[in-house]
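Per the working numbering, the sequence shown starts with residue 2, numbered consecutively. Some notes on the structure that comes next.
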Amino acid sequence: ERVMREALARSNIYNGLHQVYADLGPFCVSAMHVEADAEDGARAYVFPVGSYCLAAGPRGAVDTIFREVSLTVAQLVELFGLERCSETVKRHHEKGELDQRIDVTHAIYPRTDFVEGQLGPRGKRFASDWWESSQPAHAGFLRESGFDAFPVLCPRWTRTGEDVYGTGPGFDAIGDCRQLQLLERRAAQAADK
């Protein structure tokens, strides 16, 4: 217990959980990726609501996430190596345009070709694929790896039936928020007149 508490305190997981709880009230869903980190032991990445799509397995648990992320050329080269990047990224790198942003897709999903005990990505139950969104598959594929367990925490406020996304207080407030926005707009129009 002491070792676990020290490991969590060294990482940013507590800060990430705070963001997760903040998303649950208004949006009723959140996603936080936790992975091993050489410096902190573990590192948490909270994904902004609206930047990802979720899917659930037959037991109703989330087991798939596709997300869009914008990375700089410098970040791409550091994460994946220049040789894995597309010609577009290589050109930006050669010109010194390291702050140029590139859209990347990251997908984590159950591996259909999983082989128990095999080394490499096929030996992991969950695939983790990265590719440049604007490139054809053969030109922009950055990395194929995997995880033994689904590494993304996807809490939902409450789930109805087979719904993948949660429902809760945020959904109850949508009508009131829209009505308030309309009243404010009308008040501004009245003041203009």
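Just so it is clear, CB atoms sit at the ideal spot from N, CA and C, and this is done for glycine as well.
The DSSP-derived three-state label of Val21 is helix. Of the residues Met33, Phe28, Arg126, Ser135, the one whose Cα lies closest to the Cα of Glu145 is Arg126.
It is roughly 22 Å from the alpha-carbon of Glu117 to the alpha-carbon of Arg60.
Non-local C-beta neighbours of Asp38 in its own chain, meaning closer than 8 Å and more than five positions away in sequence, comprise Ser12, Arg44, ordered along the chain. Around the beta-carbon of Glu133, 16 or more other beta-carbon atoms lie within 10 Å, marking it buried.
Short of 6 Å from the beta carbon of Tyr110, and not among the five residues preceding or following it, lie these beta carbons of its own chain, in chain order: Thr65, Ala128. Runs of beta strand (DSSP E) with 3 or more residues, each lying fully within the region 32-63, are found at 33-38, 42-47, 53-57, listed in chain order. Counting along the chain, no alpha helix (DSSP H) covers Phe127; the unbroken beta strand (DSSP E) around it starts and ends at 127-133. For Phe115, the secondary structure class from DSSP, reduced to helix, strand or coil, is coil.
Between Phe67 and Ala108, the CB-CB gap stays under 8 Å. A distance of 8 Å or more separates the beta carbons of Ala56 and Val153. Residue pairing of Asp104 in beta bridges, as defined by DSSP: Ser71.
The bridge partners DSSP lists for Ser146 are Ser129.
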